[in-house]
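Working notes, beginning with the structure itself.
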Amino acid sequence: MQLEPKRERCGKMSYTYIENIKACRFNEKGFIYRLIEMDEKVPEWAAIDVFWDADVLDGQTAYIGMTMNPARRGMDHRGEKGKHLMMQIIGSANCPDEAQYKERKAIWDHKVKFGVIPKFNKSSWGGA
674 MQLEPKRERC
684 GKMSYTYIEN
694 IKACRFNEKG
704 FIYRLIEMDE
714 KVPEWAAIDV
724 FWDADVLDGQ
734 TAYIGMTMNP
744 ARRGMDHRGE
754 KGKHLMMQII
764 GSANCPDEAQ
774 YKERKAIWDH
784 KVKFGVIPKF
794 NKSSWGGA
């Protein structure tokens, strides 16, 4: 997968990072996403692709998650997991229960096909 940032907009946003965080807080909309490992470092911290219903079983999925604030979550992942990752929004949810279902279903489908969950996901009986 080739990463091709738009040169005329690269690094330029019409809002600040803090404004984005505030705008997404309590927005009552959730997003299901995956992280894709890239061959080179992703130059832009806000590099987020949107591909509704992307094939998470294409062998490129390194993590599947949910968030109400993709920009903030993407930045957190880059700090924790490395700068070779790109976030791809793959779906949305109208409530936390729907988001958790879609996230866990995608992780389960990955495990059924490949025998393991995505590289950066964790699975445990925590809290049980």
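Residues in the sequence shown are numbered consecutively from 674, following this note's numbering. Quick reminder that beta carbons are idealized off the backbone N, C-alpha and C, glycines included.
By the Cβ criterion, the segment 767-783 is not in contact with the segment 745-759, since fewer than three pairs of Cβ atoms, one from each stretch, lie closer than 8 Å. Fewer than three Cβ pairs drawn from the segment 716-726 and the segment 777-786 lie within less than 8 Å of each other, which leaves the two stretches out of contact.
No residue range can be given for V715, since it is assigned to no alpha helix (DSSP H) and is classified by DSSP as neither H nor E. Buried is the label assigned to E776, since at least 16 other Cβ atoms lie within 10 Å of its Cβ. Judged by their CB atoms, G738 and R707 are nearer to each other than the 9 Å cut-off. In this structure, DSSP gives I780 a helical state, which the three-state scheme calls helix. In the three-state reduction of the DSSP assignment, V723 falls in the strand class.
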